[in-house]
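*Asks:* Can you read through this structure? Questions will come right after.
In the numbering used here, the protein residues as written are 271 to 453.
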């Protein structure tokens, strides 16, 4: 059994790693997306990084950065990645989603120094514009962040074990915010 000091040390290391991921998402992802020809208004950061930016502790260190793009940009981004200096990571997740032609709607890649980046195209979730599905920060240099509502929809859609755990925390946060808005 781990001592309280070992647990504290692990928590500190996990927090530092999570902060590095958030820093990469906020500072480096916009540059990468520009290199891939994607305008800032046409993508947003989702997944565990977005949850962290909303102040929700998912009790685990994120291992990748989810980038949600428009359906019309997805295939072009995949081609750009194949011709770039980034290297692709083979999809191995049985929860990957496919379009009606059997094409995967997820591509993963890495940079030399950075974490894994997952480009996702959630066609079934595209009910509104990118603007409606994300939160714009008050600067033109930072990416948009998935709204809590979008995170909840995505977790329900993918329905993995970790998504089910996250969904409880996300839904609590969303309920708390909605409760304050109706008072």
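Glycine is no exception: its CB is placed at the ideal position from the N, C-alpha and C atoms. Just so we're clear, the structure is a prediction, and the values are computed from it rather than from any experiment.
Inspect the beta-carbon positions of residue 299 and residue 315 and report whether they are closer than 8 angstroms.
*Replies:* To locate residue 299, count along the chain shown from 1; it is residue 29. To locate residue 315, count along the chain shown from 1; it is residue 45. For residue 299 and residue 315, yes; Cβs fall inside 8 angstroms.
*Asks:* Below 8 angstroms, can you find three or more Cβ-Cβ pairs linking the stretch 285-296 to the stretch 314-331?
*Replies:* Yes, they touch.
*Asks:* Give me the DSSP bridge partner(s) of residue 313.
*Replies:* Residue mapping note: residue 313 aligns to position 43 of the chain shown, counting from 1. In DSSP, residue 313 forms a bridge with 339.
*Asks:* One question on the structure: do residue 447 and residue 388 come within less than 8 angstroms of each other, judged by their Cβ atoms?
*Replies:* Here residue 447 refers to the residue found at position 177 of the chain shown. Here residue 388 refers to the residue found at position 118 of the chain shown. Against a cut-off of 8 angstroms, the Cβ pair of residue 388 and residue 447 comes out as no contact.
*Asks:* Using a Cβ-Cβ cutoff of less than 6 angstroms, which residues in the same chain neighbour residue 414 once the five nearest sequence positions on both sides are dropped?
*Replies:* Taking the chain shown and counting its residues from 1, one reaches residue 414 at position 144. Within the same chain, residue 414 has close Cβ partners 314, 404, 406.
*Asks:* Would you kindly work out how many angstroms separate the C-alpha atoms of residue 397 and residue 432, rounded to a whole number?
*Replies:* Start at 1 with the first residue of the chain shown, and residue 397 comes out as number 127. Start at 1 with the first residue of the chain shown, and residue 432 comes out as number 162. Summary for residue 397: the model assigns pLDDT 48, below 50, so the residue's position carries little reliability, and this model does not support an answer.
*Asks:* State the Cα-Cα distance for the pair residue 353 and residue 347, rounded to the nearest angstrom.
*Replies:* Counted from its first residue, the chain shown places residue 353 at position 83. Counted from its first residue, the chain shown places residue 347 at position 77. Approximately 10 angstroms, taken between the alpha carbons.
*Asks:* Going by DSSP, what residues sit across from residue 405 in a beta bridge?
*Replies:* Working through the chain shown from its first residue, we reach residue 405 at position 135. Answer is 415.
*Asks:* Can you give me the C-alpha to C-alpha distance between residue 311 and residue 288, rounded to a whole angstrom?
*Replies:* Here the question's residue 311 lines up with position 41 in the chain shown. Here the question's residue 288 lines up with position 18 in the chain shown. Taking the straight line joining both Cα atoms gives about 25 angstroms.
*Asks:* From this set, 424, 434, 344, which residue's C-alpha is nearest residue 375's C-alpha?
*Replies:* Working through the chain shown from its first residue, we reach residue 375 at position 105. Among 424, 434, 344, the Cα nearest to that of residue 375 is on 344.
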